[in-house]
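Protein chains in written order, with the working numbering: chain U, 1160 to 1560; chain H, 41 to 333.
Ideal placement from N, C-alpha and C gives every residue a C-beta, glycine not left out.
The structure displayed is predicted, hence computed values, not measured ones.
Each remark here refers to the structure printed beneath this line.
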Amino acid sequence: MNTEKNTDRNAVRNTEPAWLLVTRREVVSRITDKSFLIGTLLMVVMIVGFLGFTAWQDEKTETATLGATPDAVAMATAIADNASQVDDRLEVEVVELADDTAAETALRDDEVDAWLHPGDDGWQLTSESSEQESLTDAAQVVVRQQVLADNAAGAGTTVDALEAGSSVSTNFLRGDAEKAAVAEVVGFAFVFLFYFAALIFGMQLASSVIEEKQSRIVEIIAAAIPLRHLLAGKVLGNTALAVIQLLVYLVVGLVGMSFTSYKSYLPALSGPTAWFIGFFLAGFVALACLWAVAGSLASRTEDLQATSTPLTMLMLVMFFGGLSLDGRAQVIASFIPPVSAVVMPKRILAGGVEWWEPLVALGLLAAFAAVTVWVGEKLYRRALLQTGGRVSLRQAWSAAE
Amino acid sequence: MLEIRELTRRFGDTTAVDHVSFEVPAGQMTGFVGANGAGKTTTMRMVMGVLGINGGEVLWRGSPITRLDRRTFGYMPEERGLYPKQPILDQLVYVAQLKGMGRVEARTQVQELLERFGLGERTKDHLEKLSLGNQQRVQIIASVLPKPAALVLDEPFSGLDPVAVDSMVDLLREYTRDGIPVLFSSHQLDLVERLCDRLVVLANGRRVAAGTVAELRDAGVPRFRLVLGGDAGWVRDQAGLDVLDLDGTTALVEVATDGAEQQLVAEATRRGAVHEFVRVRPALSEIYREATA
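Listed below in structure tokens is the structure:
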């Protein structure tokens, strides 16, 4: 290879560059592969199933029966009428009971879930156990409102006047908690999708490198085109497939989400999702080159286990790091490639990230990818044509070409 | 013409190929023989540029070979194999495209070659579904795509049945008729003797013999066999000859002094009937054994 004076451009009778031919072969041979299609379909079914389950959970309402003696019916009815304001999944049905004895019997026989009656100082809600939390919450809120209104009227004023300037929006607190939960779930999905794609496509890439090396077709290819074109084509082909698959999952996920009560969060998710695609792309390219090196170091498929161990460890670190890190550690990890590929999108989702932080993290990740491409290309090229057993990284690096 | 000059390759402390030089003339088949580990494959890989060269050079049509030159070469690696799980038509078209052919042109040529090798019906089959012989045929097609400027084939006949060998030979002859140099390695000496115009023998990384088959067989000390009417015991007393074998009326001699064989014939005719006097050329296998011993 010391005579590469002429470049390829003169001899190419063909308008297509070699890397593009390789890319196309990678993509075509993969998307016509049944196991790939079935795997993708299965994932889509899982996403749809999860969202369907969530939507069903949303729809589900709870019905509670509230027993009341005649002196408490008015208040019980007020609770039934206003319960949906406190908890939109709660429906309260009022059952009128003759007296305290009848009420206790009804409670014991499970005819009613709780019994409302006037107490020594206010109202008493009696239930068999503490399971009636939503009913208890609703009763407390409504009774308080009613009594406040009555007391206010008695004092010649109104509740609004009494409460003026004291409002603490409970809605806001609740919404924020839910938002954090959504961020948590979507963040998990991001980490999982990256891990899944990097591992599956990485393994596939590495074993296709071995396939070529083992069958020596790589020698035919090496005599025809520069090996960096082969590597570029393989990395690009697999990256394209991984990104397309990711987009399918994201579209299915986001469209599915629009059918659930979480659809109000969709606009807020679009920004983080766009960032995630960017981080995914850079992170995937960085790792793809390393997977190709893992493949080129092996001589037989059986060697892959050994040559890819450092990479599978790295994948696990990224997966668990992405899921478990928080606080300062998370902030630091969100800048360190390649872990930043999953941690930064998660931080963006959670909010509170300065505008420059994702840019810096993505820049660092892209720089890391450039380094792995550069180093990977050298190692791959040198190890690929070495036969007879596993090649160590040191051997590959120092091998003559 | 392809010229290999002082080619050298070391792996660590061992020298796999040690200053090997030979030529592969245009339109000729050059057989490359040698024991396992003699350096044939290493030499061929260096010629094809898939292995770095530690010393020496490869010349193509008189100047140092380039990547572009190599791209026009047909190459069949030692442990062959294409993609096991891809239809044969598709992967042959892919290989042809990598070598710079257009897609349509490649398809036509691949179809033609597949039909010629009796695989016209199986274009959509995955390689792994074919018999070993048929896989070998596909491999051959991969190496002659597109019409090559030179052919470098590592053990092209191994694993082929006699019919497949014949169709392979026919194909190779077609290329040599068009003036294409062909270098191929083989263990099968009888085949090499039948096919080759020239021969290069390698042993322990060194070239130990090279030339046309006739040149190699004529090289060395001439031997003659003499069959007489009567007892041949007197041959032992002839000057200038080494008697290798003597059995009743038959003697096998090696000429030590030029012209001694003429005196032997004269003496034999003087003594009685001469049934046979013939030059004995060693079989290729003998030359090979001697050269690699």
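Open item on the list: Which runs of the alpha helix (DSSP H) at least 4 residues long sit entirely within the region 82-131 of chain H? Give them in chain order.
Closed with: 107-111
TODO: Whole angstroms is fine: what's the gap from residue 1337 of chain U's alpha carbon to residue 1217 of chain U's?
DONE: Walking along the first sequence from the start, residue 1337 of chain U turns up at place 178. Walking along the first sequence from the start, residue 1217 of chain U turns up at place 58. So the alpha carbons of these two residues sit roughly 13 Å apart.
TODO: Just tell me which of H/323, H/332, H/270 has its CA closest to the CA of residue 309 of chain H.
DONE: Position 269 of the second sequence, counting from 1, holds the residue named residue 309 of chain H. The shortest C-alpha separation from residue 309 of chain H is found at H/270.
- [ ] For the alpha helix (DSSP H) containing residue 1285 of chain U, list its first residue and its last residue.
- [x] Taking the first residue of the first sequence as 1, we reach residue 1285 of chain U at position 126. Element bounds for residue 1285 of chain U: not the alpha helix (DSSP H) but the beta strand (DSSP E), 1281-1286.
Open item on the list: For the region 131-142 of chain H, list every residue whose C-beta sits within 7 Å of some C-beta in chain U, in sequence order.
Closed with: 134, 135, 137, 138, 139, 140, 141, 142
TODO: Use the C-beta contact count for residue 1274 of chain U: other C-beta atoms within 10 angstroms, 16 or more gives buried, fewer gives exposed.
DONE: Position 115 of the first sequence holds residue 1274 of chain U. Classification for residue 1274 of chain U: buried.
TODO: For residue 1295 of chain U, collect the residues of the same chain with a Cβ closer than 7 Å to its Cβ; drop the 5 residues on either side in sequence, then sort them by chain order.
DONE: Position 136 of the first sequence, counted from the start, is the residue given in the question as residue 1295 of chain U. Closer than 7 Å at the Cβ level, and outside the excluded window around residue 1295 of chain U, lie 1284.
- [ ] Can you have a look at residue 1267 of chain U and say buried or exposed, based on whether 16 or more other CB atoms are within 10 angstroms of its CB?
- [x] Residue numbering aside, residue 1267 of chain U sits at position 108 when the first sequence is read from its first letter. It counts as exposed.
TODO: Would you give the residue range spanned by the alpha helix (DSSP H) that residue 1248 of chain U belongs to?
DONE: Position 89 of the first sequence, counted from the first residue, corresponds to residue 1248 of chain U. First-last for residue 1248 of chain U: undefined, no H or E at that position.
TODO: Locate the alpha helix (DSSP H) running through residue 274 of chain H, then write down its first and last residues.
DONE: Taking the second sequence and counting its residues from 1, the one referred to as residue 274 of chain H is at position 234. Run containing residue 274 of chain H: none; DSSP gives neither H nor E here.
TODO: Measure the C-alpha to C-alpha separation of residue 59 of chain H and residue 50 of chain H and round it to an integer number of angstroms.
DONE: Here residue 59 of chain H is taken as the residue at index 19 of the second sequence, counted from 1. Here residue 50 of chain H is taken as the residue at index 10 of the second sequence, counted from 1. About 11 Å.
TODO: Go ahead and pull the three-state DSSP assignment for residue 1271 of chain U.
DONE: The count along the first sequence starts at 1 and reaches residue 1271 of chain U at position 112. It is coil, neither helix nor strand.
- [ ] Can you check the region 300-333 of chain H for any beta strand (DSSP E) of at least 3 residues that lies completely inside it and give the ranges in chain order?
- [x] 314-320
- [ ] State yes or no: is the beta carbon of residue 329 of chain H nearer than 7 Å to at least one beta carbon in chain U?
- [x] By one-based count along the second sequence, residue 329 of chain H stands at place 289. With 7 Å as the cut-off, residue 329 of chain H does not count as an interface residue toward chain U.
TODO: Thinking residue 1356 of chain U and residue 1443 of chain U are a contact (beta carbons under 8 Å), I'd like their distance in whole angstroms, please.
DONE: Counting from 1 along the first sequence, the entry for residue 1356 of chain U is found at position 197. Counting from 1 along the first sequence, the entry for residue 1443 of chain U is found at position 284. With a Cβ gap of about 7 Å, residue 1356 of chain U and residue 1443 of chain U count as contacting.
TODO: Express the C-alpha separation of residue 153 of chain H and residue 202 of chain H in angstroms, rounding to a whole number.
DONE: For the purposes of this step, residue 202 of chain H is taken as the residue at position 162 of the second sequence. For the purposes of this step, residue 153 of chain H is taken as the residue at position 113 of the second sequence. Each residue's alpha carbon lies about 19 Å from the other.
Task: Inside the region 1162-1236 of chain U only - alpha helix (DSSP H) runs reaching at least 4 residues - done: 1177-1190, 1193-1218
- [ ] Please name the residue or residues paired with residue 230 of chain H in a DSSP beta bridge.
- [x] Start at 1 with the first residue of the second sequence, and residue 230 of chain H comes out as number 190. Paired residue(s): none; residue 230 of chain H is not in a bridge.
TODO: Note down, in chain order, every chain H residue with its Cβ under 7 Å from the Cβ of residue 1365 of chain U.
DONE: Stepping through the first sequence from its first residue, residue 1365 of chain U is reached at position 206. Near residue 1365 of chain U there are no residues of chain H at all, since even the closest Cβ is about 16 Å away, more than 7 Å.
- [ ] Go ahead and label residue 1313 of chain U buried or exposed: buried means 16 or more other beta carbons lie within 10 angstroms of its beta carbon, across all protein chains shown.
- [x] One-based indexing of the first sequence puts residue 1313 of chain U at position 154. Per the 10 Å Cβ criterion, exposed.
Open item on the list: 7 Å is my cut-off, CB to CB: does residue 1331 of chain U come that close to chain H?
Closed with: One-based indexing of the first sequence puts residue 1331 of chain U at position 172. Below a pLDDT of 50, predicted positions are generally treated as unreliable, and residue 1331 of chain U, at 42, falls in that range; no measurement from the model is reported.
Task: Same chain only: Cβ atoms within 6 Å of residue 133 of chain H, ignoring 5 sequence neighbours per side - done: Counting from one through the second sequence, the residue named residue 133 of chain H turns up at place 93. Excluding sequence neighbours, residue 133 of chain H sits near 146, 147, 150.
Open item on the list: In whole angstroms, give me the CA-to-CA distance for residue 205 of chain H and residue 186 of chain H.
Closed with: As a position in the second sequence, residue 205 of chain H is number 165, starting the count at 1. As a position in the second sequence, residue 186 of chain H is number 146, starting the count at 1. If I take the Cα positions, the gap works out to 21 Å.
Task: Minimum Cβ-Cβ distance from residue 202 of chain H to chain U less than 7 Å - done: As a position in the second sequence, residue 202 of chain H is number 162, starting the count at 1. Cβ-Cβ to chain U under 7 Å: no for residue 202 of chain H.
Open item on the list: Is it the case that the region 1416-1423 of chain U contacts the region 1198-1209 of chain U, given that we only count it when at least three CB pairs across the two stretches are under 8 Å?
Closed with: no
Open item on the list: Using a 10 Å radius around the Cβ and a threshold of 16 neighbouring Cβ atoms, would you call residue 1141 of chain U buried or exposed?
Closed with: A question about residue 1141 of chain U goes unanswered here, because the residues of chain U that appear run from 1160 up to 1560.
Task: Beta-bridge partners of residue 285 of chain H, as assigned by DSSP - done: Position 245 of the second sequence, counted from the first residue, corresponds to residue 285 of chain H. Note: residue 285 of chain H sits in a beta bridge opposite H/292.
- [ ] Less than 8 Å between the CB atoms is what I'm expecting for residue 293 of chain H and residue 321 of chain H, so what's the real figure, rounded?
- [x] The residue labelled residue 293 of chain H in the question sits at position 253 within the second sequence. The residue labelled residue 321 of chain H in the question sits at position 281 within the second sequence. 14 Å between Cβ atoms; not a contact.
Open item on the list: Please tell me whether residue 1436 of chain U has its Cβ less than 7 Å away from any Cβ of chain H.
Closed with: Here the question's residue 1436 of chain U lines up with position 277 in the first sequence. By this cut-off, residue 1436 of chain U is not an interface position.
Task: Segment limits, alpha helix (DSSP H) that includes residue 264 of chain H - done: As a working mapping, residue 264 of chain H is identified with position 224 in the second sequence. Per DSSP, residue 264 of chain H belongs to no alpha helix (DSSP H); it is in the beta strand (DSSP E), 263-268.
Open item on the list: Between which residues of its own chain and residue 115 of chain H is the CB-CB distance below 7 Å, once the five residues before and five after are set aside?
Closed with: The residue given as residue 115 of chain H occupies position 75 in the second sequence. Result list for residue 115 of chain H: 88, 183, 192, in chain order.
- [ ] Could you list which residues in chain H have their beta carbon closer than 7 Å to that of residue 1379 of chain U, in chain order?
- [x] In the first sequence, counting from the first residue as 1, residue 1379 of chain U sits at position 220. Residues of chain H passing the Cβ test: 115, 117, 135, 182.
Open item on the list: Going by DSSP, what residue range makes up the alpha helix (DSSP H) through residue 1456 of chain U?
Closed with: Translated into the one-based positions of the first sequence, residue 1456 of chain U becomes position 297. Unbroken alpha helix (DSSP H) run through residue 1456 of chain U: 1425-1456.
Task: Element boundaries [alpha helix (DSSP H), containing residue 210 of chain H] - done: Looking up residue 210 of chain H in the second sequence gives position 170. Residue 210 of chain H -> alpha helix (DSSP H) spans 202-217.
TODO: List the DSSP bridge partners of residue 1366 of chain U.
DONE: Working through the first sequence from its first residue, we reach residue 1366 of chain U at position 207. The partner list for residue 1366 of chain U (beta bridge, DSSP) is empty, contrary to what the question assumes.
TODO: Have a look at H/255, H/106, H/243 and flag the residue whose alpha-carbon is nearest the alpha-carbon of residue 236 of chain H.
DONE: Looking up residue 236 of chain H in the second sequence gives position 196. Among H/255, H/106, H/243, the Cα nearest to that of residue 236 of chain H belongs to H/255.
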